[in-house]
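Note that the numbering used here has the sequence shown beginning at -5, numbered continuously upward. Below is one structure, written out as structure tokens; the observations come after it.
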Amino acid sequence: MDSGISFSWGQVITKLMAGESLAEEQASAAMIEIMEGAATPAQIAGFVVALRSKGETVDEVAGLVRTMRSYAKTVEVEGELLDTCGTGGDRTGTFNVSTAAALVCAGAGAKVAKHGNRAASSRCGSADVLEALGVAIDLPPEGVAACIHKAGIGFCFAPVFHPAMRHAATPRRELGVATIFNFLGPLTNPAGATRQALGVADPRMIDNMVSTLGRLGSTRVLAFHGDQGLDELATSGSSQVVEL
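What follows is the structure, given as structure tokens:
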């Protein structure tokens, strides 16, 4: 894929280090370089650290998300779909709330396209929970669509649907800190779910994530951030909720 604009990692990272924000097209061009495997681990790490230090804007997040979606394998299902997904990263050791919520929503009659992965910082991720329950977590798009049609819920395992993200795996693992990559997964549902219950561990990102979903076609979003950095509603203390 060609962004159609001239691109230089040096120029982009220098701009971010100076505290200047990227246009959506520039962020998209950076993501194309990453998705195509044209960026080195050092370039990827420099980019995401500089972006995180400056603070991500809606334009930047939207550019990254739009491009990541364009490289994803997609699930074709008619009708409105719901995703329940969190950013993770709260490091509190809570159980996997989003998967339980997805099952409850499906039982109540919603069509759910659950997007998720294995645990990164938590005790268990969505994939770990479902695998322990005997679910085939690595179904292709047609299999996920069949599950949604027959059972009202299907699981989109992130590595299956976002294979191009493998190019960012090494810097993500070696950096060991939260970057924009932690926030892209919940914004890139492979089935194009337009309704979402979204948990956000970083309160600085909650408005930007909701605004990005609205810009890219979501019709109904409830985003949650709980006290002590939870990416879900807190059962003790206060919670922030942003609605679209």
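Ideal placement from N, C-alpha and C gives every residue a C-beta, glycine not left out.
Simplified DSSP assignment, three categories, for residue i
i: serine 22; result: helix
i: valine 42; result: helix
i: alanine 158; result: helix
i: arginine 60; result: helix
i: alanine 32; result: coil
i: phenylalanine 177; result: helix
i: alanine 273; result: With the chain covering only -5 through 238, there is no way to say anything about residue 273.
i: glutamate 27; result: helix
Contacting residues, own chain, Cβ-Cβ under 6 Å from residue i (five flanking each side not counted)
i: proline 135; result: Lys67 and Val69
i: methionine 29; result: Tyr65 and Ala158
Burial state of residue i, where buried means 16 or more other Cβ atoms lie within 10 Å
i: leucine 178; result: buried
i: lysine 144; result: exposed
i: leucine 45; result: buried
i: valine 98; result: exposed
i: leucine 124; result: buried
Beta bridge counterpart(s) of residue i as assigned by DSSP
i: isoleucine 147; result: Val106
i: alanine 191; result: Thr78 and Leu216
i: serine 233; result: Gly220
Rounded straight-line distance, which links the Cα of residue j to that of residue i
i: leucine 262; j: valine 215; result: Not covered by the structure: residue 262. The range shown for the chain is -5 to 238.
i: isoleucine 7; j: phenylalanine 41; result: 6 Å
i: valine 55; j: aspartate 196; result: 15 Å
i: proline 35; j: arginine 63; result: 21 Å
i: threonine 78; j: valine 154; result: 18 Å
Own chain, CB closer than 8 Å to residue i, minus 5 neighbours either side, in chain order
i: serine 22; result: Ser(-3), Gly57, Leu58, Arg60 and Thr61
i: glycine 211; result: Gly186 and Thr188
i: aspartate 201; result: Val236
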